[in-house]
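Below you'll find the structure, written out as structure tokens, and then a few comments.
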Amino acid sequence: MALKAGVRVFRLNGLRPAVRLLSTHTRPEVQNAQNSKVAEFPGARAPYISELKFVSETSYDPIPIYRVLDHNGEVIDSKEEPAIEKDTLVNMYKTMVQLSQMDKILYESQRQGRISFYMTNYGEEGIHVGSAAALSPSDLVFAQYREVGVLLYRGMTVTEIVNQCYGNCEDPGKGRQMPVHYGSKQHNFVTLSSPLATQMPQAVGAAYALKRVPNNDRCVICYFGDGAASEGDAHAAFNFAATLDCPIILMCRNNGYAISTPTREQYRGDGVASRGPALGILTARVDGTDPLAVYNAIRAARDHALRHNRPALIEAMSYRVGHHSTSDDSTAYRSLEEIQKWNNDENPIQKFKMYLERKGYWDAGSDEALQKEARDLVVKTMQQAEKKQLPPWKEMFEDVYHDMPPRIQKQVKELEDHLAVYGEHYALDTFKPE
Amino acid sequence: MTALASRNVNFLTKIVKCVNNYSKRLSSHFIYFPDNEAPVEGETNKMNMMQAINNAMDITLQNDPTAVLFGEDVAFGGVFRCALGLQEKYGKDRVFNTPLCEQGIAGFGIGLATAGATAIAEIQFADYIFPAFDQIVNEAAKARYRSGGQFDCGGLTIRAPCSAVGHGGLYHSQSPEAFFAHVPGLKIVVPRGPIAAKGLLLSCVRERDPCLFLEPKILYRSANEMVPVDDYTLPIGKAQVLREGDAATLIAWGTQVHVLLEVADMAKEKLGVNVEVIDLMSILPWDEETVCNSVKKTGRCLISHEAPLTSGFGAELAATIQEECFLHLEAPISRVTGWDAPFPHVFEPLYLPTKWRCMQHLHQLINY
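Note that the protein sequences, when read in sequence, are chains A and B. Here the UniProt record's numbering is used: position 53 in the first sequence is 53, and no number is missing along the way. Here the UniProt record's numbering is used: position 289 in the second sequence is 289, and no number is missing along the way.
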């Protein structure tokens with residue numbers, strides 16, 4: 001197919017571990033059109049041809065999946081190994097272990113009725129730490145809901161995370177949202193909302209605002225899933241990012257499932273990445289179970305975004321090893337064998353550990369201690385979080401508006417008067433006094 | 001040893017206290033009052049609301065070869081399992097997953113109905129219906145009108161789980177009926193349990209106008225009734241008087257009906273009065289006749305819904321009631337609703353229009 005050759009590959013300069021990024025210009029070659037000139041319609045510059053030609057997803061090669069490590073944690077091509085300091089690498093690993101232990105314990109705690117809901121991150125830890133390490137802490141994050149590793153890497157404490165899940169009086173979100181709806185202004189991580197893909201056009205708008213700041217050195221990263229990419233907001237985000245020249249990294253976590261819906265029922269064609277070139281966005285696809293591949297891709301994408309004020313799309317391929325959430329039993333729609341196969345063969349934590357061990361940065365002894373330490377921290381934190389009261393009930397009415405309007409003030413008073421008489425029927429002692 | 005024992009006792013007390021608090025916090029806020037009368041003769045089966053909805057869709061797919069059922073995660077039964085087993089029974093071309101896109105689901109359903117099919121579209125949570133707002137409000141509701149009656153999408157029914165569930169927070173708890181009640185051309189229905197759900201859903205499916213069927217998700221498993229096995233429908237636009245009384249008229253729909261039924265019992269016991277309880281069932285069109293006749297009789301009216309006070313559907317009811325029943329009213333119409341704040345997670349027990357808040361308002365209403 002002539003069009004296949006139209007997908008060009010080039011290297012970005014300025015980055016030692018260069019990452020191959022696909023050009024956004026997938027224009028058909030002109031070679032077939034000897035007798036024709038290039039048409040200049042307002043909507044397309046393209047050659048005329050005299051033979052009707054349809055293109056389909058098979059007209060192009062699939063966008064390849066970039067990786068640095070193989071499944072044993074061995075570097076495949078030493079030129080591609082990023083120069084990351086030992087401390088950073090170890091910190092990336094520690095974050096993954098902490099995340100995994102936190103997932104284990106908080107998932108169990110939901111099962112015991114201690115918290116109302118939880119979502120694990122199993123299988124995607126590499127995307128979290130690989131991207132977080134490649135970003136500047138000042139880059140603004142718009143996330144979906146399965147990216148808490150980014151917050152951990154940025155320094156949000158396990159205590160803050162657990163407090164959010166308990167919705168207690170030390171939850172930065174004041175107990176208003178369900179568990180896992182994190183947010184931290186301090187860590188440049190915009191508070192999550194449950195509706196899918198709504199954060200995407202918002203992220204693009206934020207990137208536009210950053211671009212207009214004099215001497216801007218911040219970009220936006222927007223995480224979203226393979227399911228969310230089907231929402232209308234996703235298309236709006238891609239198109240706005242491209243046409244309005246926004247410094248944003250659109251980071252798709254393609255983990256194969258949107259709750260029960262497998263990607264073969266979510267889209268046809270070459271995944272989410274193929275939409276990038278179609279909309280004029282620099283695009284690459286990476287192995288999301290390989291933290292180093294994610295790191296290199298995000299570094300390159302960030303460089304592109306800030307240097308040219310242009311968007312980049314990264315599709316990180318992974319597998320959602322856990323259930324969608326505590327409300328889901330994924331064995332109703334996929335086999336245990338499938339889950340185990342991915343967890344064993346392409347486990348991001350395992351392969352990264354083997355990489356560190358090979359480099360002599362890590363050993364089995366340190367690992368055992370780390371696992372225990374990570375576990376103990378979560379257990380201890382949970383015990384403390386459980387003892388904390390819920391926020392004062394009046395927090396329910398705060399922050400609806402900047403200043404509480406009289407109509408809401410009246411409602412606060414009404415509830416106050418009600419509780420003065422009927423207070424015994426409510427678990428008021430669970431709420432912190434004002 | 002004694003120290004150990006007392007430590008254990010302390011620990012136990014702590015656990016009991018903790019469990020009590022959690023049960024206070026996480027248990028449902030109402031007692032379910034099952035319907036004991038079947039609307040039609042014949043065999044009945046014990047069903048919860050999820051099963052009754054499943055049964056109505058089963059009957060539809062069985063009898064109407066054009067009928068299709070679709071939405072996010074519907075193939076394996078849907079996240080609330082309402083479509084369980086239907087793909088196996090009717091095939092992948094009739095019961096299927098869509099990509100994750102609510103505007104797509106609504107638009108696709110409008111298209112199906114325009115071309116003559118019966119479409120049952122599931123939106124995973126009513127809180128996620130808003131990307132489909134344009135399709136529902138500007139397209140479904142106006143299809144017949146704008147085409148001079150040439151086209152319509154009456155074959156479309158959109159189902160969406162709604163309302164409080166105990167731990168849903170901002171985006172798994174909302175009751176959006178009032179947004180849609182502002183749209184001429186739609187019909188909106190909210191069942192209070194399995195018998196109502198089956199009859200009303202079958203009506204919606206066969207209705208000549210597009211319908212929005214809002215399912216209080218907390219009832220899916222907690223509400224059990226003896227549901228007729230046969231095909232039957234309940235009329236859209238008709239309210240049901242569940243308790244007769246003369247002291248006041250209490251109006252609700254969905255889960256809140258059960259709160260008011262308990263309030264009616266409490267009123268009898270504590271205040272010694274009989275109140276009338278009306279399940280509105282249909283939000284659009286709503287049964288003015290039944291409601292106004294009742295208020296003219298009782299002279300007092302309390303409306304309760306989970307959605308926020310301001311511009312909640314109670315406002316529409318109150319305005320019409322004061323127009324129609326002005327000279328009969330003995331007290332201002334009382335609205336007991338969710339507060340004018342987003343639906344909060346840990347504050348849910350204080351956000352909801354609880355039986356105690358309803359009781360307090362009823363007391364004031366009667367003593368006005």
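Where a beta carbon is used, it is the ideal one built from N, C-alpha and C, also for glycine.
ALA319/B sits exposed, since fewer than 16 C-beta atoms from the chains shown fall within 10 Å of its C-beta.
Membership of SER282/B in any alpha helix (DSSP H) is not indicated; the residue belongs instead to the beta strand (DSSP E) covering 282-284. Contact of VAL421/A with chain B by beta-carbon distance below 8 Å involves GLN360. Residue-level contact check: PRO406/A does not touch chain B, since none of the beta carbons of chain B fall below 8 Å from its beta carbon. Against ASP340/B, the close residues of chain A are PHE397, VAL400, PRO405, ARG407, ILE408 and GLN411, in the order they occur along the chain (beta-carbon pairs closer than 9 Å). Chain-ordered listing is empty here: chain B has no CB closer than 7 Å to the CB of ILE339/A, the nearest sitting near 16 Å. Going by C-alpha positions, PRO210/B is about 37 Å away from GLU57/A. Per DSSP, HIS402/A is not a residue of any alpha helix (DSSP H), being assigned neither H nor E.
Annotation: HIS363/B to LEU419/A spans about 15 Å, alpha carbon to alpha carbon. The C-beta distance from ARG285/A to ILE76/A rounds to 16 Å, too long to fall under 8 Å, and the pair is not in contact. The contact set of GLY169/B on chain A, defined by CB atoms closer than 8 Å, consists of ARG176, GLN177, MET178, HIS181 and SER194 in chain order.
Identification of residues in the stretch 154-173 of chain A having a C-beta nearer than 7 Å to some C-beta of chain B yields GLY167, given in sequence order.
Assignment of beta-bridge partners to GLY225/A by DSSP yields ARG253/A. Here TYR401/A is exposed. Its C-beta has fewer than 16 other C-beta atoms within 10 Å. Under DSSP, SER184/A takes part in a beta bridge, and its partners are PHE189/A.
Setting aside the 5 residues that flank it on each side, ALA134/A is surrounded in the same chain by TYR295, ILE298 and ARG299, each with a C-beta closer than 6 Å to its C-beta; the list follows chain order.
Of all alpha-carbon atoms in LEU260/B, HIS345/B and LEU352/B, the one lying nearest the alpha-carbon of ALA252/B is that of LEU260/B.
In the DSSP assignment, CYS165/A falls within the alpha helix (DSSP H) that extends over 158-166. Here GLU85/A is exposed. Its C-beta has fewer than 16 other C-beta atoms within 10 Å. Looking at PRO34/B, ASN138/B and PRO99/B, the one whose alpha-carbon comes closest to that of SER230/A is PRO99/B. Partner residues in a beta bridge of HIS323/A, as assigned by DSSP, do not exist.
For MET57/B and VAL275/B, the gap between their C-alpha atoms comes out near 36 Å. Between TYR319/A and GLY256/A, the beta carbon gap of about 5 Å places them in contact (Cβ cut-off 8 Å). By alpha-carbon distance to GLY269/A, the top candidate from GLU40/A, GLU51/A, VAL55/A and ALA39/A is VAL55/A. In this structure, GLY199/B is the residue among PRO332/B, SER294/B and GLY199/B with its C-alpha nearest to the C-alpha of ILE53/B. Beta-bridge analysis with DSSP links GLN240/B to ASP279/B. The C-alpha of ALA273/A lies about 10 Å from the C-alpha of ALA312/A. PHE189/A and TYR223/A have their C-alpha atoms spaced approximately 11 Å apart.
Rounded to the nearest angstrom, the Cβ distance from ARG144/B to PHE133/B is 19 Å, too far for a contact under 8 Å. Assignment of alpha helix (DSSP H) within the stretch 281-360 of chain B, counting only whole runs of 4 or more residues, yields 288-298, 313-325 and 348-351 in chain order. Around ARG357/B, the beta-carbon contacts reaching into chain A at under 7 Å are HIS418. For CYS292/B, the nearest beta carbon of chain A is not closer than 8 Å to its own beta carbon. For ILE76/A, none of the residues of chain B pass the 7 Å Cβ criterion, the least Cβ distance being about 34 Å.
Taking SER260/A as reference, the option from ILE136/B, GLY78/B and LYS46/B with the minimal CA-CA separation is GLY78/B. For HIS128/A, the closest alpha carbon among the candidates SER50/A, ALA385/A, THR157/A and THR95/A is that of THR95/A. Taken in chain order, the complete alpha helix (DSSP H) segments of 4 or more residues contained in the stretch 110-176 of chain B are 143-146.
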